Each structure stands twice: as C-alpha cells, then as structure tokens.
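Some notes on the structure that comes next.
Chains as they are written, first to last, in the numbering used here: chain B, 1 to 248; chain X, 1001 to 1248.
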C-alpha cells in the first residue's frame, strides 16, 4: 500500500529535508514518528522510508510538501502527537498503487518572500528576507517574465553541483506585491540546488539598480556561476505546492 | 519635546503592555531601553515614561502601536539594539508640542485572525486562533454588520470591569477571508477590556450554528456578560493601527 503525506514545516531549526546522521532533519523526525507507529519495516519488508517531492535545503520552509511511503496511513492527529511543533501533518491518506511523490510530480511551486521596508518585522523575521532599501518592483517583474520558458540555469547553481542537465522548464514566474511584502512565485518541472535563491539574489541586484536587465537576461544562456549574484538566505524560501496528474 | 514611537510586537511572551513589577511587559522593556539612552528623567524632570494609544492585554500583539514620551527622539536602530527580538521600533520622531498618543487618538483598529482548517498551522500558531471546524463566513459578516454604530457592549466585557460607560462607537467592522484565514477588522473610538475577544468568541458561536444572529443582535443592547460567548484566546488579536487627526 502507498500512503501520501502532505506536510507543512518551518525549516528554521532543521538541517533540511534529507536524513543525515546526527542532524535534526524533517525526514528524520517524520520517519522516526512513522516507524514508532508502523514498525521499522514497510509493506515490502524494506526499512520504512519516505520519498519526497522536493528536497528542501537547510532553513527552507514548506507550505505543501508531499511525501510517500509504502505502508498504511496513520491518522494525522496520531502522527502529529509524535512530532515537534515545527512540522504539521496536513493530510495522510492512501494513494494509488505505484504512486511516488517524487517521480509522479508534474511540477513544484516555490515562493520566496522579501520584506522591503526600513525597519525589521517581528512577525516575518523567520520567513521573509528583510531588505531595508528601495526595490523597483517593475524591474523584478521584468526579470520574472524573462524566466518563463526553457533556459540554461548553469549560472544559478553551485559550480560543484552534481546535476548533469542544466536546462529547466519554468512554467510560470511572477513577483506579487502586497504592501511591503514582495513574493516571487515560481513553478518549474524541477529545480537545481540553490537555483531559486541565486535567482532572487541576482534579481535583487537588478531591483536595486546594481545590475541591468540585459545582464540578467544574458545569464539565462548558460553563463558561469561566478557571473550571477549572491545566494539569497534560505529563510525567505518555501516549497509552496507540488502538482500531480489528475486521477483518472 | 514630545516624541512619538510606532511599534510592532509579538505579545506571546509579554504580560501585556502595561508595566507591572516583576513581569516582562512591553512598556517595561521599552522604558528601560529609553532610560538607558536618555536618562531616568524626561524633559520636565519627571520619571521618563510612555503614554500608549491602546493598552494591550497579555498575549495580544501589535502591528502599529503608538506611544509618546516627553524627551527627544532616539534613532530607531540605536533603540532597537537595546530591545529584545519580539519588539520592533518602526518609527521614532518628534511630534507636535502637547501631542499625546492616548488622548489625541481618534480611533483604534484591531484585527482578530482565525485559521479555519482541519489541521493546525506551523506558521500561524502564535498569531491566529485555530478552529478545526467549518465556519459560516456569511454569518460572521452579518454579525460584523450589526456591530457598526453605537451600541451598549456590557455583554462583551468582564462584570468586574472598571468602565463607567458601556457604549462604544464602532466606526467599521468586517470579516475578510483569504483562503483558510479569516480576519475580523474592527475600528472604534475606544474599546473595553476583552471586548474584541468576547465579540469573536460569540461570533464564532453564530458561525458554528450554535447561536442565532438574533441572539447576537440582542446582546448589543446592554445584556449581561453571562449571556455572551467565551473570551477568545488573546493570541489571535493584534492592535493593527491607530488614527490621529491630520496635522494642520
């Protein structure tokens, strides 16, 4: 049996999604909770483990992460009772046979939050990048429009990355403004490591008048990492949602 | 000289605004910070102290609190360096002679946040009341419409209160919905103790089908406290803003 979990978590105190010995990770605390209810082994006799739609880095949040495991569902309230307060189980239900959170995902949508105002915020300190200087929203929107479509994102992922293909299909990308809060919403088939954060770090250079739109556009043609901007802090980023094919 | 402060704070770990011996209060931490910069005495030789637009209770937040003191402004960055992370100084600037944050305020606007969904939220746990049952938005909106105008709010404040006048002028009141997040925005000249929280506790009864609109309407005519609903938790409430006359 395959079970599908939908999760929300505050990444602030996690060393990312992926289990790592000796570190507090989202996968780690969830697998520990699931194993204490369902046992160490899954339906197929293998160690019970989670497959995830989007592996998030240290400090990155999730509003709608999806993960699967091969065993029966657990009532969300019961699982929640075994979890720390920075993970919330939104849903835990049986999926179709063979369903896999990672390989069946059609796209992932991330949201990066920037708080553009003179003074820091008490309430958004953990979930938005505070930028205490004016940002040109129109410039951000021009950059986002350039992202749509297929591009070579070599400039936006670390040089030592293990990716073999550097092209990605950006389905949608747009900045939305609600008062002082600016959000980049970006949807793609898959993302490379740090890609959204380097995109934001570079777009903020354009929005501050420190880089031209033309320079940003040129980076989308496979320029080296060194030509792009800095990697924006992980705490502004959240995996917002994952899309799957409609069930027949 | 009069200085006007604009403040944001997370009320979770404060015993409210008002200074109390031995307790951590917003007024307490601010006055300590101001006195360490400006000295113990204000411009008039009195102990330096703050006058506030809206005294918030234990656990209540503020997005736009206003306070005044009789001495010179301090640069927000400098004051912030002396404050804990759950208070943010948005503004600190000279005001007109004689300006007083409390007596000059024309109205206060509060926002009460309710998160209506099956599972709790990691991100809004400290700032919205989680209600894991269906709420009828139209019923909430009908209640809010009834609040506008002058009413006797005796039913919505504790019996042992020290208020002498129980009528209040509600300038505006409306519920707004953004997905699962419901917000009551309410503006009045002044509010009585617990008034917004008892209003929300009672409106939620109507929205859950446990009280009629007619019963809610009757409460606005000076009924006793015992006939209204429970006092909703303080953590959903925030003082959103304070309005003052335009400067000539």
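All C-beta atoms, glycine included, are put in the ideal place defined by N, C-alpha and C.
Predicted model only: the values in this text are computed from it and were never measured.
Quiz item: Alpha carbon to alpha carbon, how far is residue 13 (chain B) from residue 71 (chain B)?
Solution: Cα-Cα distance, rounded: 28 angstroms.
Practice problem: Report buried or exposed for residue 221 (chain B), applying the criterion of at least 16 other Cβ atoms within 10 angstroms of its Cβ. | Solution: The residue is exposed, with fewer than 16 neighbouring Cβ atoms inside 10 Å.
Quiz item: Quick one: does residue 164 (chain B) have its CB under 8 angstroms from some CB of chain X?
Solution: False, the Cβ-Cβ gap to chain X never drops below 8 angstroms.
Quiz prompt | From X:1140, X:1132 and X:1235, residue whose alpha carbon lies closest to that of residue 1174 (chain X) | solution = Per the Cα distances, X:1140.
Self-check item: Neighbourhood of residue 1136 (chain X) by C-beta distance below 6 angstroms, restricted to the same chain and skipping five residues each side
Solution: Here the set comprises 1207.
Exercise. Report the rounded CA-to-CA distance for residue 2 (chain B) versus residue 101 (chain B), giving the unit in angstroms.
Key: Their Cα atoms are separated by approximately 10 angstroms.
Quiz item: According to the neighbour-count rule (16 or more other Cβ atoms, all chains shown, within 10 Å of its Cβ), is residue 164 (chain B) buried or exposed?
Solution: Under this definition residue 164 (chain B) is an exposed residue.
Quiz item: What do you reckon, are the CB atoms on residue 129 (chain B) and residue 216 (chain B) nearer than 8 angstroms?
Solution: At the C-beta level, residue 129 (chain B) and residue 216 (chain B) stay beyond 8 angstroms of one another.
Exercise. Would you identify the three-state DSSP class for residue 205 (chain B), choosing helix, strand or coil?
Key: In this structure, residue 205 (chain B) counts as helix in the three-state DSSP scheme.
Quiz item: Using a beta-carbon distance below 8 angstroms, is residue 1087 (chain X) in contact with chain B?
Solution: Output row for residue 1087 (chain X): interface = yes.
Exercise. Quick one: measure Cβ to Cβ for residue 1117 (chain X) and residue 1180 (chain X), integer angstroms, because I've assumed they're closer than 8 angstroms.
Key: Taking C-beta atoms under 8 angstroms as the contact rule, residue 1117 (chain X) and residue 1180 (chain X) qualify, at a distance of about 4 angstroms.
Quiz item: Cβ of residue 42 (chain B) within 7 angstroms of any heavy atom in the ligand MN?
Solution: Ligands in the displayed structure: none, and consequently the ligand MN is not present.
Quiz item: Beta-carbon of residue 121 (chain B) versus every beta-carbon of chain X: anything under 8 angstroms?
Solution: Yes, because at least one Cβ of chain X sits closer than 8 angstroms to the Cβ of residue 121 (chain B).
Self-check item: Residue from X:1069, X:1103, X:1150 and X:1219 with nearest C-alpha to residue 1054 (chain X)
Solution: The candidate whose alpha carbon is nearest that of residue 1054 (chain X) is X:1103.
Quiz item: What are the complete beta strand (DSSP E) segments, minimum 3 residues, inside the region 28-103 of chain B?
Solution: Taken in chain order, the complete beta strand (DSSP E) segments of 3 or more residues contained in the region 28-103 of chain B are 61-69 and 87-95.
Self-check item: Supposed contact pair residue 166 (chain B) and residue 189 (chain B) - C-beta distance, whole angstroms, cut 8 angstroms
Solution: About 13 angstroms separates the two Cβ atoms, so there is no contact after all.
Self-check item: residue 1127 (chain X) at chain B interface by Cβ criterion, 8 angstroms
Solution: Yes, its Cβ sits closer than 8 angstroms to a Cβ of chain B.
Self-check item: 6 angstroms Cβ shell around residue 76 (chain B) - same chain, five flanking residues per side excluded
Solution: Only 89 and 92 meet the Cβ criterion.
Quiz item: Which of the residues in the region 1224-1242 of chain X, read from start to end, lie with their CB under 7 angstroms from any CB of chain B?
Solution: Of all residues in the region 1224-1242 of chain X, none has a Cβ within less than 7 angstroms of some Cβ in chain B.
Self-check item: Distance, residue 1160 (chain X) Cα to residue 1068 (chain X) Cα
Solution: About 29 angstroms.
Quiz item: Do the CB positions of residue 1234 (chain X) and residue 1043 (chain X) come within less than 8 angstroms of each other?
Solution: Contact: no.
Quiz prompt | Cβ-based contacts, 7 angstroms cut-off: residues of the region 1058-1082 of chain X near chain B | solution = From the region 1058-1082 of chain X, only 1076 have a Cβ closer than 7 angstroms to chain B.
Self-check item: Alpha-carbon to alpha-carbon, residue 17 (chain B) and residue 33 (chain B)
Solution: One C-alpha to the other measures close to 15 angstroms.
Self-check item: C-alpha gap between residue 184 (chain B) and residue 210 (chain B), whole angstroms
Solution: Going from the Cα of residue 184 (chain B) to the Cα of residue 210 (chain B) covers about 19 angstroms.
Quiz item: Secondary structure at residue 222 (chain B), three-state DSSP: helix, strand or coil?
Solution: Three-state result, residue 222 (chain B): coil.
Quiz item: Would you report the Cα separation of residue 35 (chain B) and residue 80 (chain B), rounded to the nearest angstrom?
Solution: Approximately 13 angstroms between the Cα atoms of the pair.
Quiz item: Rounded to whole angstroms, how far is the Cβ of residue 238 (chain B) from the Cβ of residue 110 (chain B), which I believe are closer than 8 angstroms?
Solution: Sure, about 7 angstroms apart at Cβ, within 8 angstroms.
Exercise. Could you tell me whether the Cβ of residue 10 (chain B) comes closer than 8 angstroms to any Cβ of chain X?
Key: With respect to chain X, the C-beta atom of residue 10 (chain B) has a partner C-beta closer than 8 angstroms.
Self-check item: Whole-number beta carbon distance between residue 30 (chain B) and residue 131 (chain B), since they are thought to touch under 8 angstroms
Solution: Not a contact, Cβ separation roughly 33 angstroms.
Quiz prompt | According to DSSP, residues forming a beta bridge with residue 241 (chain B) | solution = According to DSSP, residue 241 (chain B) bridges with B:109.
Quiz prompt | Sequence-distant residues of its chain with Cβ nearer than 7 angstroms to residue 158 (chain B) (five each side left out) | solution = Same-chain partners within the cutoff: 193, 194 and 225.
Quiz item: Hey, residue 1242 (chain X) and residue 1150 (chain X): beta-carbon distance below 8 angstroms or not?
Solution: 8 angstroms or more divides the Cβ of residue 1242 (chain X) from the Cβ of residue 1150 (chain X).
Quiz prompt | 7 angstroms Cβ shell around residue 1197 (chain X) - same chain, five flanking residues per side excluded | solution = Hits under 7 angstroms: 1231, 1232, 1234 and 1237.
Exercise. Determine whether the Cβ of residue 1090 (chain X) lies closer than 8 angstroms to any Cβ atom of chain A.
Key: Any reference to chain A falls outside this structure, whose protein chains are B and X.
Self-check item: Option nearest residue 1168 (chain X) by Cα separation, candidates X:1162, X:1061 and X:1191
Solution: For residue 1168 (chain X), the nearest C-alpha among the options comes from X:1191.
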